[in-house]
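Using this note's numbering, you'd call the opening residue of the sequence shown number 146 and step up by one each time.
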Amino acid sequence: MALLIARGQMDKKDDFYSTSILGTEFVGSVAASEDVCGKEAIIPQIKGSAYISGFNKLVLDPSDPLPEGFFL
């Protein structure tokens, strides 16, 4: 949604509807927008159904020089 809004292809007041090839659906909308490091950012809100299909464990290497990631 952020990319569509940035490209002028979606307005922040619009809902974003997505249907998968299996027919499952979700609706995305913009709950709020704010400034992050001088760039406009959105806080998305998503409505739909989800089911647990697996578990994941994320590990942070203590020697990672960029533990919080980076901006491009």
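Positions of the beta carbon are idealized from the N, C-alpha and C atoms, including for glycine.
Exposed or buried, what is G193 when buried is set at 16 or more other beta-carbons lying within 10 Å of its beta-carbon?
Classification for G193: exposed.
Select from T169, G168, G173, L167 the residue whose C-alpha is nearest the C-alpha of M146.
M146 has its Cα closest to that of G173, out of T169, G168, G173, L167.
Given 8 Å as the limit, is there contact between the segment 159-173 and the segment 192-207, that is, 3 or more CB pairs closer than that?
Touching, yes, given that three or more Cβ pairs across the two stretches are closer than 8 Å.
Tell me the DSSP bridge mates of T164?
DSSP lists E170 as partners of T164.
What three-state label does DSSP hand A195 in the structure shown?
Reduced to three states, the DSSP call for A195 is coil.
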